[in-house]
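Here is the structure we will look at, set down as structure tokens.
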Amino acid sequence: MAGIESFIGWRHDLPIAEQAFFSVAMNWHFSPDTGSPFWLSKAPSLGFDPRQEVRCHADLRLFPNVVDELRNVPIEDLTPRGYGEQLDVVGAFDSGGTTGPPKRVPLLSDWMFHSLTWKSARMNELGFPLRANWLTIAPSGPHIFGRLMAELTRMRGGVCFTVDLDPRWVRRSLAEGRADEAQRYAEHVVDQAESILGQQEIGVLAATPPLLTRIAERDRLVDLINEKVAVIMWGGAHLDPDTRKILQEEVFPEVPLRGQYGSTMILGGSMERAGEPRTQGQCVFDSLSPYTTFSVVDPDSRADVAEGERGQVVMHHVSKSLLLPNNLERDLATSVAAPDGALGVSVADVAPVPVFENAEVIEGVY
1 MAGIESFIGW
11 RHDLPIAEQA
21 FFSVAMNWHF
31 SPDTGSPFWL
41 SKAPSLGFDP
51 RQEVRCHADL
61 RLFPNVVDEL
71 RNVPIEDLTP
81 RGYGEQLDVV
91 GAFDSGGTTG
101 PPKRVPLLSD
111 WMFHSLTWKS
121 ARMNELGFPL
131 RANWLTIAPS
141 GPHIFGRLMA
151 ELTRMRGGVC
161 FTVDLDPRWV
171 RRSLAEGRAD
181 EAQRYAEHVV
191 DQAESILGQQ
201 EIGVLAATPP
211 LLTRIAERDR
221 LVDLINEKVA
231 VIMWGGAHLD
241 PDTRKILQEE
251 VFPEVPLRGQ
261 YGSTMILGGS
271 MERAGEPRTQ
281 GQCVFDSLSP
291 YTTFSVVDPD
301 SRADVAEGER
311 GQVVMHHVSK
321 SLLLPNNLER
331 DLATSVAAPD
341 GALGVSVADV
351 APVPVFENAE
361 VIEGVY
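Residue 52 in the UniProt record's numbering sits at position 52 of the sequence shown, and the numbers go up by one each step.
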């Protein structure tokens, strides 16, 4: 059945047999021989039997949101026993830490390859060049984004030049009223980017919107990008439609801006939908269904909002490597119909909520 093949064989080119997919997934994650210690220990307290009662995407809302527990769970407890000796953990990666101590999740090599293969195919549709060098201005270290960009560049035949970014320090500086320090740090980052762009052949620039707006203030840097770069990829922070329009039409008129949206808690993200006219500068993000999916809900009732309405984003990850459903994210978005055959919804015009988990959301540079 397609659902079984797509789960075990990492297929994303098959029609989704929804019930078969969730049957296999729940049996994998809640059978003693294959499930992770975390979910096996939690199963008795769930109040339902996932192997019997989770049969479709909507049933994922039965699960509690457990991401806060991932601040303290040993990383080994999150890896499924079913991998046995085939377990290959690329690393443990942190959430942004915007609302407190970071949560941590393991990234397994098979999931990384599968998700990046899908993302690379979307990049082909969006006109990203193959065998091009990248300049990625992104957080590395405990953050998954930098690692995935380096792997993606290698997969597509290029060399990844990097400028490291510490978003936690910038957010802390802003929260403590040290705006000048945050400004100096951002200038330090852009200085490094200018050096690389001046010395190397760069075909793709990956940067956050706050850094792109700062880059746009330097004439020499703008000229270098317009001369050398084929595509700019933005992500990691909100880019409002008006700013995107200015950047695209006035600052980088010959270099397409392509957005990506995701989260560490789904171990990756999505490129914007290709080939669709944008409304007021918005772009639409599809998920890697059925493994990662989006819902958009009313923040108070948690009921799904209607298509075209705004609400808070809920993300789900259901794969061989990890089960993390029903995670309420710190983003608002407009609900958009998903592509035919995909589960959940797609999202557009993503923006941060002002307050999340009783903490002010400060984006800073990421």
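All C-beta atoms, glycine included, are put in the ideal place defined by N, C-alpha and C.
Note that the structure is predicted; figures quoted are calculated from it, not measured.
Could you please give the first and the last residue of the uninterrupted beta strand (DSSP E) stretch that includes residue i?
{"i": "L323", "result": "323-336"}
{"i": "L116", "result": "It is not in any beta strand (DSSP E) - L116 instead sits in the alpha helix (DSSP H) that spans 109-125."}
{"i": "P50", "result": "Here P50 belongs to no beta strand (DSSP E); instead the alpha helix (DSSP H) covers 50-53."}
{"i": "I75", "result": "Premise fails: I75 is in no beta strand (DSSP E) and is neither H nor E."}
{"i": "F294", "result": "292-297"}
{"i": "S289", "result": "Per DSSP, S289 belongs to no beta strand (DSSP E) and is neither H nor E."}
{"i": "P352", "result": "346-352"}
{"i": "V231", "result": "231-234"}
Taking the alpha helix (DSSP H) that residue i falls in, what are its first and last residues?
{"i": "Q19", "result": "18-30"}
{"i": "F145", "result": "144-155"}
{"i": "L205", "result": "No alpha helix (DSSP H) contains L205, which is instead part of the beta strand (DSSP E) from 204-207."}
{"i": "S41", "result": "37-42"}
From the DSSP secondary-structure annotation, give me the bridge partner or partners of residue i.
{"i": "E181", "result": "Partner(s): none; E181 has no beta bridge."}
{"i": "Y261", "result": "S270"}
{"i": "I215", "result": "Beta-bridge pairing links I215 to no other residue."}
{"i": "L247", "result": "DSSP lists no partner for L247."}
{"i": "R104", "result": "D94"}
{"i": "H164", "result": "Here the sequence assigns Asp to residue 164, which means His is not the residue at that position. Paired residues: A138."}
{"i": "E318", "result": "Glu is not the amino acid found at residue 318; the sequence shown has Val there. In DSSP, V318 forms a bridge with L323."}
{"i": "R310", "result": "T334"}
{"i": "V190", "result": "Answer by DSSP bridge pairing: none, since V190 is not bridged."}
{"i": "V89", "result": "L108"}
{"i": "V170", "result": "Per DSSP, none; premise fails for V170."}
{"i": "V222", "result": "In DSSP, V222 forms no bridge with anything."}
Just to check my reading of the structure: residue i and residue j have Cβ atoms closer than 8 angstroms, yes? What is that Cβ distance to the nearest angstrom?
{"i": "V189", "j": "A216", "result": "Between A216 and V189 the Cβ distance is about 14 angstroms, and since that is not below 8 angstroms, they are no contact."}
{"i": "E18", "j": "L343", "result": "7 angstroms"}
{"i": "D33", "j": "R81", "result": "6 angstroms"}
{"i": "P352", "j": "H238", "result": "6 angstroms"}
{"i": "M271", "j": "L135", "result": "Contact flag wrong, Cβ pair sits at about 18 angstroms."}
{"i": "P209", "j": "T162", "result": "Contact flag wrong, Cβ pair sits at about 18 angstroms."}
{"i": "P256", "j": "V231", "result": "5 angstroms"}
{"i": "F30", "j": "W39", "result": "6 angstroms"}
{"i": "residue 426", "j": "A333", "result": "Residue 426 lies beyond the range of the chain shown here (1 to 366); nothing can be said about it."}
{"i": "L78", "j": "P106", "result": "5 angstroms"}
Which value, in whole angstroms, describes the spacing of the CA atoms of residue i and residue j?
{"i": "R156", "j": "L130", "result": "6 angstroms"}
{"i": "S346", "j": "F22", "result": "20 angstroms"}
{"i": "L212", "j": "D286", "result": "24 angstroms"}
{"i": "L323", "j": "D191", "result": "41 angstroms"}
{"i": "G259", "j": "R51", "result": "37 angstroms"}
{"i": "R278", "j": "L165", "result": "With a pLDDT of only 49 at R278, under 50, the local geometry of the prediction cannot be trusted, and the value read off the model is given with reservation. The straight-line gap from Cα to Cα measures roughly 30 angstroms."}
{"i": "V67", "j": "V296", "result": "18 angstroms"}
{"i": "G268", "j": "R218", "result": "31 angstroms"}
{"i": "Y366", "j": "R168", "result": "With a pLDDT of only 39 at Y366, under the threshold of 50, the placement of this residue in the model should not be trusted; the figure read from the coordinates follows. Between Y366 and R168, the C-alpha separation is close to 9 angstroms."}
{"i": "I137", "j": "M112", "result": "20 angstroms"}
{"i": "R273", "j": "V314", "result": "19 angstroms"}
{"i": "V305", "j": "P339", "result": "18 angstroms"}
{"i": "G35", "j": "T117", "result": "26 angstroms"}
{"i": "F128", "j": "S335", "result": "27 angstroms"}
{"i": "T264", "j": "G236", "result": "11 angstroms"}
{"i": "S95", "j": "P290", "result": "22 angstroms"}
{"i": "K42", "j": "R61", "result": "16 angstroms"}
{"i": "V222", "j": "K228", "result": "10 angstroms"}
{"i": "P253", "j": "E85", "result": "51 angstroms"}
{"i": "G311", "j": "G198", "result": "43 angstroms"}
{"i": "N65", "j": "E76", "result": "20 angstroms"}
{"i": "P37", "j": "N133", "result": "41 angstroms"}
{"i": "M26", "j": "S301", "result": "27 angstroms"}
{"i": "M1", "j": "A20", "result": "Below a pLDDT of 50, predicted positions are generally treated as unreliable, and M1, at 48, falls in that range; no measurement from the model is reported."}
{"i": "L46", "j": "G275", "result": "43 angstroms"}
{"i": "C56", "j": "R122", "result": "26 angstroms"}
{"i": "L108", "j": "A150", "result": "16 angstroms"}
{"i": "F356", "j": "A206", "result": "Because F356 carries a pLDDT of 46, less than 50, the predicted location of this residue cannot be relied on, and no value is offered for it."}
{"i": "V350", "j": "A193", "result": "26 angstroms"}
{"i": "S195", "j": "L87", "result": "40 angstroms"}
{"i": "V159", "j": "I225", "result": "17 angstroms"}
{"i": "V204", "j": "E309", "result": "34 angstroms"}
message: Within 8 angstroms, do at least three Cβ pairs link the segment 99-117 to the segment 173-184?
response: no
message: If contact is defined by three or more beta carbon pairs under 8 angstroms, each pair taking one atom from either stretch, is the segment 319-339 in contact with the segment 134-150?
response: no
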